[in-house]
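Participant:
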Amino acid sequence: MLTKDRKKQLDIDLWIILIISMLNLGIYMAFGSKINEIAYNSDISIVLRVLFMGVLFQFGLAGLGISVVSIMRKESFLSYGLHRDKLVLTLALSALCCVPDFVYSLMAGNVHAWFPFSDVNFTYEVVRSGFPNNIVGMLIIAICWGFFEGFNYVVIADKISERFPSKSRFWDWGAFVCAIMCIVVHGAIGVTPDAVIEMLCTIFLIYGMLMVRKKTGNAWGCVLIFLLYWNAL
Numbered sequence: 040m041l042t043k044d045r046k047k048q049l050d051i052d053l054w055i056i057l058i059i060s061m062l063n064l065g066i067y068m069a070f071g072s073k074i075n076e077i078a079y080n081s082d083i084s085i086v087l088r089v090l091f092m093g094v095l096f097q098f099g100l101a102g103l104g105i106s107v108v109s110i111m112r113k114e115s116f117l118s119y120g121l122h123r124d125k126l127v128l129t130l131a132l133s134a135l136c137c138v139p140d141f142v143y144s145l146m147a148g149n150v151h152a153w154f155p156f157s158d159v160n161f162t163y164e165v166v167r168s169g170f171p172n173n174i175v176g177m178l179i180i181a182i183c184w185g186f187f188e189g190f191n192y193v194v195i196a197d198k199i200s201e202r203f204p205s206k207s208r209f210w211d212w213g214a215f216v217c218a219i220m221c222i223v224v225h226g227a228i229g230v231t232p233d234a235v236i237e238m239l240c241t242i243f244l245i246y247g248m249l250m251v252r253k254k255t256g257n258a259w260g261c262v263l264i265f266l267l268y269w270n271a272l
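Take the sequence shown: its position 183, counting from 1, is numbered 222 in the numbering used here, and each next residue is one higher.
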């Protein structure tokens with residue numbers, strides 16, 4: 040049973056994450072054209088441009104909020120399931136969550152050769168930039184667009200689930216809210232039959248990976264989906 044103080048703490052944590060993310064999104068929406076001028080200015084080093092967009096905006100939207108809360112609460116990221124216990128089971132079940140999305144993409148002709156972060160705008164330019172820029176650039180992309188995007192869902196889902204617990208084995212408010220967040224942020228809300236199917240596959244993927252994390256206690260499946268599958272095909 041949650042105490043009143045713990046409920047208040049969780050409410051504050053979630054509000055901090057929401058406010059930081061919305062402020063970041065608001066800044067990008069207000070100054071998007073000027074920001075993009077910097078991001079796609081080839082006269083500026085690709086590493087600096089990836090750092091600019093990755094740290095200030097991608098991490099600001101998905102990562103900064105949970106980092107601020109973790110520092111404020113003195114919570115280790117490791118406490119959110121970044122360990123080796125039940126790792127193989129977690130990875131296997133998490134991979135299964137990707138199957139409907141992969142099958143839909145394959146049937147729709149949207150699958151290309153596998154390459155992590157190939158759908159991130161800067162990836163190919165980074166790869167062509169030569170050593171050591173390509174290594175540094177890909178590391179920034181992997182951290183900002185991979186690790187933190189996946190781990191962001193883990194922390195938010197955990198806090199929502201603790202604040203609003205469910206008695207059902209198959210229903211989790213944290214996983215559901217994060218699945219809705221994902222389709223909203225990525226513009227995957229569907230109205231046509233094809234778009235609805237794609238949206239449902241995305242919801243299944245995000246909800247499923249977070250339920251796997253909840254059942255096994257291991258978060259690496261969520262992280263690796265965003266490192267190796269999301270934006271890769």
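Glycine included, each C-beta is placed from N, C-alpha and C at the ideal position.
Quick caveat: nothing in here was measured; it's all calculated off a predicted structure.
Would you mind reading off the limits of the alpha helix (DSSP H) that contains aspartate 140?
Facilitator: 138-146 is the extent of the alpha helix (DSSP H) around aspartate 140.
Participant: Contact between the stretch 41-60 and the stretch 105-116 is defined here as three or more beta-carbon pairs at a separation below 8 Å; is this criterion met?
Facilitator: At 8 Å Cβ cutoff, the stretches touch.
Participant: Using 10 angstroms around the beta-carbon of lysine 253, count the other beta-carbons present and answer buried if the total reaches 16, otherwise exposed.
Facilitator: The residue is buried, with at least 16 neighbouring Cβ atoms inside 10 Å.
Participant: Scan the stretch 90-122 and note each continuous alpha helix (DSSP H) run of 4 residues or more that stays entirely inside, going in chain order.
Facilitator: Runs of the alpha helix (DSSP H) inside the stretch 90-122: 103-112.
Participant: Output the distance between the C-alpha atoms of leucine 128 and cysteine 137, rounded to the nearest integer angstrom.
Facilitator: Answer to the nearest angstrom: the Cα atoms are 15 Å apart.
Participant: Could you tell me which of Ala234, Lys43, Leu266, Trp184 sits nearest to tyrosine 143, measuring between CA atoms?
Facilitator: Among Ala234, Lys43, Leu266, Trp184, the Cα nearest to that of tyrosine 143 is on Ala234.
Participant: To the nearest angstrom, how far is the alpha carbon of aspartate 197 from that of phenylalanine 98?
Facilitator: Looking at the two C-alpha atoms, the distance is approximately 19 Å.
Participant: For leucine 41, name the three-state secondary structure that DSSP assigns.
Facilitator: DSSP places leucine 41 in coil when its eight states are reduced to three.
Participant: Should isoleucine 195 be labelled buried (16 or more other beta-carbon atoms within 10 Å of its own) or exposed?
Facilitator: It counts as buried.
Participant: On a Cα-Cα basis, can you pick out the residue from Asn63, Phe70, Glu201 that is closest to lysine 47?
Facilitator: Of Asn63, Phe70, Glu201, the residue nearest in Cα terms is Glu201.
Participant: So is aspartate 158 buried or exposed if we call it buried at 16+ other beta carbons inside 10 Å?
Facilitator: With fewer than 16 other Cβ atoms within 10 Å, it is exposed.
Participant: Taking the alpha carbon of tyrosine 268 as the point to measure from, which residue in Gly256, Asn257, Thr255, Met248 has its own alpha carbon closest?
Facilitator: Measuring from the Cα of tyrosine 268, the nearest candidate turns out to be Met248.
Participant: Can you have a look at leucine 41 and say buried or exposed, based on whether 16 or more other CB atoms are within 10 angstroms of its CB?
Facilitator: It is exposed - the Cβ of leucine 41 has fewer than 16 other Cβ atoms within 10 Å.
Participant: Mind listing, in chain order, the continuous alpha helix (DSSP H) runs of no fewer than 4 residues lying wholly within the stretch 226-265?
Facilitator: Entirely contained in the stretch 226-265, the alpha helix (DSSP H) runs reaching 4 residues are, in chain order, 232-255, 259-263.
Participant: Buried or exposed for alanine 258, please, with buried defined as at least 16 other CB atoms from any protein chain shown within 10 angstroms of its CB.
Facilitator: Burial call: buried.
Participant: Taking three-plus beta-carbon pairs below 8 Å as touching, is the stretch 115-131 in contact with the stretch 68-83?
Facilitator: No, they do not touch.
Participant: Within its chain, find whatever has a CB closer than 7 Å to the CB of isoleucine 179; leave out the 5 residues flanking it on each side and keep chain order.
Facilitator: For isoleucine 179, where only same-chain residues beyond five positions count, the Cβ hits under 7 Å are Val89, Leu90, Gly93.
Participant: Taking just the CA atoms, how far does leucine 266 sit from alanine 152?
Facilitator: If you take the alpha carbons of alanine 152 and leucine 266, they lie about 16 Å apart.
Participant: Between methionine 250 and alanine 218, is the Cβ-Cβ spacing less than 8 Å?
Facilitator: No, the Cβ-Cβ distance between methionine 250 and alanine 218 is not below 8 Å.
Participant: Using 8 Å for Cβ pairs, my map puts phenylalanine 273 next to proline 139. What's the rounded Cβ distance?
Facilitator: Since the displayed the chain opens at 40 and closes at 272, residue 273 lies outside it and no answer follows.
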